[in-house]
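Asks:
Number of protein chains: 2
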Amino acid sequence: MQTSPWQRRDRPPCIERRIEFADYSETRAFLDTLAQLSEEMGLYPDISFGRTYVNLTLHLDAPQAQDPEEREQRIDRFLAEVDRALDGQGEDRVGTL
Amino acid sequence: MQTSPWQRRDRPPCIERRIEFADYSETRAFLDTLAQLSEEMGLYPDISFGRTYVNLTLHLDAPQAQDPEEREQRIDRFLAEVDRALDGQGEDRVGTL
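Protein sequence lines, in the order shown, are assigned to chains G and X.
Residue numbering for the first sequence follows my numbering, beginning at 1 and increasing consecutively.
Residue numbering for the second sequence follows my numbering, beginning at 98 and increasing consecutively.
(1) Is there contact here, the region 66-83 of chain G with the region 111-122 of chain X, by at least three beta-carbon pairs under 8 Å?
(2) Rounded to the nearest angstrom, what separates G:Ala85 and G:Trp6 at their Cα positions?
(3) At what residue ranges does the region 4-33 of chain G contain a whole run of the beta strand (DSSP E), taking only runs of 3 or more?
(4) Mapping the DSSP letters down to three states, classify G:Leu79 as helix, strand or coil.
(5) In this structure, what does DSSP give as the bridge partners for X:Ser145?
(6) Interface residues of chain G around X:Asp143 at Cβ under 7 Å?
(7) Would you verify that the beta carbon of G:Ala35 is, or is not, closer than 8 Å to some beta carbon of chain X?
(8) Would you say X:Arg171 faces chain G, with C-beta separation under 8 Å as the test?
(9) For chain G, find out if any of its Cβ atoms is closer than 8 Å to the Cβ of X:Arg125; answer yes or no.
(10) Determine whether the beta carbon atoms of G:Cys14 and G:Leu43 lie at a separation below 8 Å.
(11) Buried or exposed: G:Arg11, going by 16 or more other Cβ atoms within 10 Å of its Cβ?
(12) In angstroms with no decimal places, state the Cα-to-Cα distance between X:Asp184 and G:Arg9.
(13) Might you give, ordered along the chain, the residues of its own chain that have their beta carbon closer than 7 Å to the beta carbon of X:Leu153, omitting 5 neighbours on each side?
(14) Taking its Cβ as the centre, do 16 or more other Cβ atoms sit within 10 Å of G:Glu26, making it buried, or is it exposed?
(15) How about G:Arg71 and G:Met41: are their beta carbons less than 8 Å apart?
(16) Among the residues of its own chain, which have a CB less than 8 Å from the CB of X:Phe146, if the five just before and after it don't count?
(17) So, helix, strand or coil for X:Gln170, using DSSP?
(18) So, helix, strand or coil for X:Gln163, using DSSP?
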């Protein structure tokens, strides 16, 4: 698995990341984890993926209904959970070498 | 659910489609169906999605190893299966009105 760090962009304000996987089953495992996180945290990044890559884009401009500070904290937690999932997925594979 | 028809593009040669769903669970159901189709048919479109939309891009320029005619037939079958899945998903919801 290869991954860029989270990258912050201004126009539009968002945080992006690209992750490349060894095969489709790893890509699927990560997408399933993301789906669960999205439902648990009510955060739905724009996701593009192919057989062995996933691009994530989290938009930072809060929809009117949400409190910006609360949303920023939720995004930070989401990023941390994604990091944890990727670390975990990396270890799983190290364990199987 | 709202959907554009399949649209063929030339540069690069590909077929595209955008589908919009009523909610995230419908989006997830369709993505799961796509994942299954991809694994069964060995065809991996580039997919981008958010909470209630999915964009599909099938690249037509065959990787060297594949016979173009065989690949074209497989793509046609893939498109037909996606149509069937969407029809089915549309009926499910009609059935629950």
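For every residue, glycine included, the Cβ atom is placed at its ideal position computed from N, Cα and C.
Replies: In brief:
(1) no
(2) 14 Å
(3) 7-9 and 14-20
(4) helix
(5) G:Ser48 and X:Asn152
(6) Ser48 and Gly50
(7) yes
(8) no
(9) yes
(10) no
(11) exposed
(12) 39 Å
(13) Glu113, Arg114, Pro142 and Ile144
(14) buried
(15) no
(16) Thr124, Leu128 and Asn152
(17) helix
(18) coil
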